[in-house]
Structure formats: C-alpha cells, structure tokens
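Following: one structure in structure tokens, then a few remarks.
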Ligand SMILES: [Fe+2]
Ligand SMILES: [Fe+2]
C-alpha cells in the first residue's frame, strides 16, 4: 500500500516508492529504493524533501541485527577446551518431529512437479517450442505456498537432494532460494510469484549457448566468456520472442540477474539502485547455488563457506542489506548441515532459527565417541537451558559417515 509520510518519520528498511521530485531535484539516481541507513534519510531532509511516498508492503522485516564478521566464526573459533570431559547436552525438547519435517512431504511434491517442468522448459527451449507458461506459474504458486507454510522445508530439500542434474535443478534451486529469502525480506505473495517466475526462466538463454562452452571443464577464454555472458540477455529475448503473458519484472529478473552493484556485471552494466531488486535476490541465490553445487570443473563448497564468500561481496557486488537478509534467510548452518558441538557430540541441523543463526534446532545423532544414537533427540540450541552448548565446526557428511537426509521425514520426496 502506498502511503505519504513525513520524511523525518522514515525508518531503515522502509521502501520509498517515490520521493515526489524530478530526478535532478533529489539526491538519488532513482526515485525509489529501500532505506538502508540513517544517512539516506538525512540526505532527503537536507534536500528539503519534507514528504515521501512509501510502499508499506515492501518494508524489509527486521529479522535480526545486521551481520558482522563475528557471525562467521567456524574456522576462526577459538579452540574449545577439549580437555574437559564432554558435558551432557540438555535434552529439553521432547518432540521428535519438527514443523519443517511436517511440511517436507508437501514441499517434496511441489519440488518434484517443478523439476519436471524445469526439464520440459529446457527441452522446449532447445527445440524452439512454445513454453507452457501456465504450467510454470502453477508450479511457482505451489512453491510460494510451501514457503508460506514453512520457510525452510523447500530449502532443506534442495540441500538434501543433490543428485539430480544441475542443468535442471539449478533454475529450480535458485527459484526456491529466492522465494524463501524474498519471504524473509517481507515481499508480498504477488512479488514472490513474479520472483519465482523470473528465477525459473533466468538461465533459459543458456539453451542458445554452445554446449562445449557450457560444459567446458577448464577456464573459459575471453572470447568464450563473452559468448557465455550473452545468456542473460538471451533469456529475456526468448520470453519476449514467445510473447508470453508474464509481468515485465519477470523479464527484468532474467535480463539483469548478473548485474552487480558496482557496475561490474552484465549485460547493461547497471549499478546501485538501477538494478531491479528482484534481480538482486535472483543474483544472490544464483551465486549461492553455483558455489554449493558440484560441477564438472569444481566440487561444491560447503554452504557456510559459500555464505562467507558471498559475505565478502557485501558492499561491492551486492548491497550490504540484501546480503545480510540473504544470509539470515539461508542460515549460516542450513538444515541438513552436519555439525560438531563444543561437547563433542555430532548433530544434524534441522531448522534455522532466523533470529539466532548460530543456534539452530538440531538432532543429536552421535555421542563424543562417535556412537550413533538409535533415537536422535531434537534440541533447540536457542533455548536458555542449552546456552552453554554451541556449534564448534561443520563436518562434511561423508567424513562423519552420515547421510543427513536419513534424519528428515522425506517420505514422498522420492521421485
Ligand atoms: Fe545466469
Ligand atoms: Fe544461473
């Protein structure tokens, strides 16, 4: 809803839809943007702008404090007192099924259907056939509904199901990550559906890039990279060529998902607020999925390492506020992560606690000697009774000899 308010009443996180002035008569490049700090409010006041129009639906939710390097303590963590005898973890939470687990079977159905659609989309594009836009929309609606019921179930699923072909899963994964972080950012269902469509189509243009470039295991030459970069503009062109009945913002997401805040992106070298905000969310999810996926030329990074890398792009490639919200949405320890506690116990992360990222809901799966518990207990690390228990490190599941998917209710997730 658009509301006119005094500039002095603006708050960080609000979305200014219009500063009510011609572009040369206000301090910003565009007339709309999210307020990311007090300085921006002062700039408007200093320009003599006494009233602005805000879009209340786009106000960013304050889900937690801004992140700092302290929020990424895995490697930097001080060595824990290993000499002490392992303490007993308080097993305060009695339930064995979390809210996320309840949503997983429904999320899996939506995911599997969308994966089929993603495959059909690539096939249609390769054969120059018409895209069934209604089918994509139906799938995206289901994804948005699942995220509305539980923000993390679909995200957990894409982490636990890493065996499908990247060509088909990538767009769907980017869609899920984007919808989920868009939800955390306070976007409306309508915006989430547009974002879901844009992300499903974002790499469509790759069907017109030669396979030897797409699948090249070695570094691309400058010439090859220039060809590869055409895919974003081609994605938008295909949507326009087919005259699909989609919102203009869907086409914008496809065209601009590789634009970067400092103008170093492509195809139009947009910078700052020139980049559509939905394209920014797609860009963040795109980088995260590319880094965490196994490809012909690299082994996927652990999620927390990928987030650390994305955090290093804060303020250059992506606006700080968006990076913070993205990390808060994905969670520093996403569901499915295998972790070692300071007590020596091994646990599987079940749910992100979005207001205390270092204290997720976990299942205790092995004792400090590596003995697997037959009936793993659910523990809420954010509970005051567990305040002395913390995550010490993340362990690759293979190294721990564990399949984290075993600890989730994945019935219905088989394809
Ligand atoms: Fe792309
Ligand atoms: Fe992509």
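Numbering (this note's numbering), first residue to last: 27 to 441.
By construction, the Cβ of each residue, glycine as well, lies at the ideal position given by its N, Cα and C atoms.
{"Item": "Looking at the unbroken alpha helix (DSSP H) that takes in residue 387, where does it start and where does it end?", "Value": "No alpha helix (DSSP H) contains residue 387, which is instead part of the beta strand (DSSP E) from 387–392."}
{"Item": "Does the beta-carbon of residue 312 have 16 or more other beta-carbons within 10 angstroms, so that it is buried, or is it exposed?", "Value": "buried"}
{"Item": "Mind checking whether the beta-carbon of residue 242 lies closer than 8 Å to any heavy atom of ligand 1?", "Value": "no"}
{"Item": "Using only the heavy atoms of ligand 2, determine whether one of them is closer than 8 Å to the beta carbon of residue 196.", "Value": "yes"}
{"Item": "Taking the alpha-carbon positions, what's the residue 325 to residue 318 distance?", "Value": "8 Å"}
{"Item": "Tell me the rounded alpha-carbon separation between residue 398 and residue 364.", "Value": "13 Å"}
{"Item": "With burial defined as no fewer than 16 other Cβ atoms inside 10 Å of the residue's Cβ, what is the status of residue 153: buried or exposed?", "Value": "exposed"}
{"Item": "Tell me whether the region 294–301 and the region 237–248 touch, counting them as touching only if at least three CB pairs, one residue from each stretch, are closer than 8 Å.", "Value": "no"}
{"Item": "CB of residue 22 to nearest heavy atom of ligand 1: below 8 Å?", "Value": "The chain is shown only over 27 to 441; residue 22 falls outside these bounds and no answer can be derived."}
{"Item": "So residue 206 and residue 180 are supposed to be a Cβ contact under 8 Å. How far apart are they, rounded?", "Value": "7 Å"}
{"Item": "In terms of residues, what are the limits of the alpha helix (DSSP H) holding residue 251?", "Value": "248–267"}
{"Item": "Under three-state DSSP, which class holds residue 335?", "Value": "helix"}
{"Item": "With a threshold of 8 Å, are at least 3 pairs of Cβ atoms found where one atom belongs to the region 321–337 and the other to the region 276–286?", "Value": "no"}
{"Item": "Would you call residue 400 buried or exposed, if buried means 16 or more other Cβ atoms sit within 10 Å of its Cβ?", "Value": "exposed"}
{"Item": "Hey, out of 38, 328, 31, whose CA is closest to residue 346's CA?", "Value": "38"}
{"Item": "Consult DSSP for residue 382 and reduce its assignment to one of helix, strand or coil.", "Value": "coil"}
{"Item": "CB of residue 200 to nearest heavy atom of ligand 2: below 8 Å?", "Value": "yes"}
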